[in-house]
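In my numbering, the protein residues as written are 279 to 542.
Read through the structure below, which is laid out as structure tokens, and then see the notes.
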């Protein structure tokens, strides 16, 4: 069965390979951004992973411990893998959208880069530099952002949280985003060093930004690595710098901010 799956994927990969930009083919690290609840974005990610056949996949959605639970026996079974990962508890969208990414490169080693909710609370209390540990300076977490970027990122967080966060919380939310970017970079670095690559990173478009996202932190520790970042974004919703942008139809969803609005 596994041989049939691999053969089918080779066929699919050959169909989309011509559609893969040359810069992406040559990259050591390919970052595939997403809108988390958009099935079209995940389908495109799976197509590209099938074409690239990376040595490693790094998921924003998995912790390092969870990544170790992805075994060959479970990988092809969406229900069993979701249960083993306790996917629903993570608050991510339906695993059925993500499962084809896992099976698109069946030999790729899986790495996790998530900062769990409990750890995020701990980081907010202790500070992200102390929480990240001895590598904080290496990744630049001990360096403040310039005033313009800090202000822009606070505005971004305010909008992303339905304009409902108290102003005094915004700096901490920016710090948490930087922590997540640095952890993605740390796990991507490990994946590239341990497998030889190429490495594909599955993450939100915000983390994939080359102007202030995960690539900034990866460049600090692996300046020689060739990194290609693709935003797979809904029509007209791209913010930030990327090597390329692909637009997908807007997903049908309820208004996530409706609960924060007052009646009338």
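Every residue, glycine too, gets a C-beta built ideally from N, C-alpha and C.
{"Check": "Secondary structure, beta strand (DSSP E): runs of 3+ residues fully inside the segment 367 to 405", "Outcome": "387 to 390"}
{"Check": "Beta-carbon proximity list for residue 513, same chain, < 8 angstroms, skipping 5 on both sides", "Outcome": "525, 526, 527 and 528"}
{"Check": "Range covered by the alpha helix (DSSP H) that runs through residue 537", "Outcome": "Looking at the DSSP string, residue 537 is not in any alpha helix (DSSP H), and its letter there is neither H nor E."}
{"Check": "Residue 408 to residue 401 span [Cα, whole Å]", "Outcome": "8 angstroms"}
{"Check": "Option in 398, 309, 321 and 535 with minimal Cα separation from residue 442", "Outcome": "535"}
{"Check": "Pairwise C-alpha distance: residue 447 and residue 350", "Outcome": "42 angstroms"}
{"Check": "From 329, 522 and 397, residue whose alpha carbon lies closest to that of residue 368", "Outcome": "397"}
{"Check": "Reduced DSSP category for residue 529 - H, G, I as helix; E, B as strand; rest coil", "Outcome": "coil"}
{"Check": "Any chain C beta carbon closer than 9 angstroms to residue 503", "Outcome": "No chain C appears in this structure, which consists of one protein chain only."}
{"Check": "Helix, strand or coil at residue 337 according to DSSP, with G and I counted as helix", "Outcome": "strand"}
{"Check": "For residue 524, the residue or residues it bridges with in DSSP", "Outcome": "510"}
{"Check": "Backbone secondary structure at residue 457 - three-state DSSP", "Outcome": "helix"}
{"Check": "Proximity of residue 417 and residue 383 at Cβ, strictly below 9 angstroms", "Outcome": "no"}
{"Check": "Separation of residue 474 from residue 360, as counted between CA atoms", "Outcome": "28 angstroms"}
{"Check": "Span of the alpha helix (DSSP H), counted from its first residue to its last, around residue 496", "Outcome": "492 to 499"}
{"Check": "Contact the segment 296 to 312 vs the segment 470 to 490: 3+ CB pairs below 8 angstroms", "Outcome": "yes"}
{"Check": "Top-ranked residue by Cα proximity to residue 452, from 465, 436, 467 and 315", "Outcome": "436"}
{"Check": "Reduced DSSP secondary structure (H/G/I, E/B, other) of residue 286", "Outcome": "Since pLDDT at residue 286 reaches only 42, below the 50 mark, its modelled position is unreliable, and the value read off the structure follows with that caveat. Correct three-state label for residue 286: helix."}
{"Check": "Residue 279 classed as buried or exposed, judged by whether at least 16 other C-beta atoms fall within 10 angstroms", "Outcome": "Caution is warranted here: a pLDDT of 47 is assigned to residue 279, below 50, making its placement in the model unreliable, and the coordinate value is therefore given only provisionally. It counts as exposed."}
{"Check": "Whole-angstrom distance between residue 354 and residue 491, CA atom to CA atom", "Outcome": "32 angstroms"}
{"Check": "Span separating the alpha-carbon of residue 500 from that of residue 488", "Outcome": "14 angstroms"}
{"Check": "Start and end residues, alpha helix (DSSP H) containing residue 308", "Outcome": "Premise fails: residue 308 lies in the beta strand (DSSP E), 307 to 310, not in any alpha helix (DSSP H)."}
{"Check": "Environment of residue 230 [buried if 16+ CB atoms lie within 10 Å]", "Outcome": "Residue 230 is absent from the structure shown; the chain starts at 279 and stops at 542."}
{"Check": "Distance, residue 450 Cα to residue 439 Cα", "Outcome": "13 angstroms"}
{"Check": "DSSP state of residue 313 mapped onto helix, strand, coil", "Outcome": "coil"}
{"Check": "With 16 other Cβ atoms within 10 Å as the buried cut-off, status of residue 531", "Outcome": "exposed"}
{"Check": "Inter-residue spacing [alpha-carbon to alpha-carbon] between residue 298 and residue 510", "Outcome": "14 angstroms"}
{"Check": "Boundaries (first-last residue) of the alpha helix (DSSP H) holding residue 302", "Outcome": "300 to 303"}
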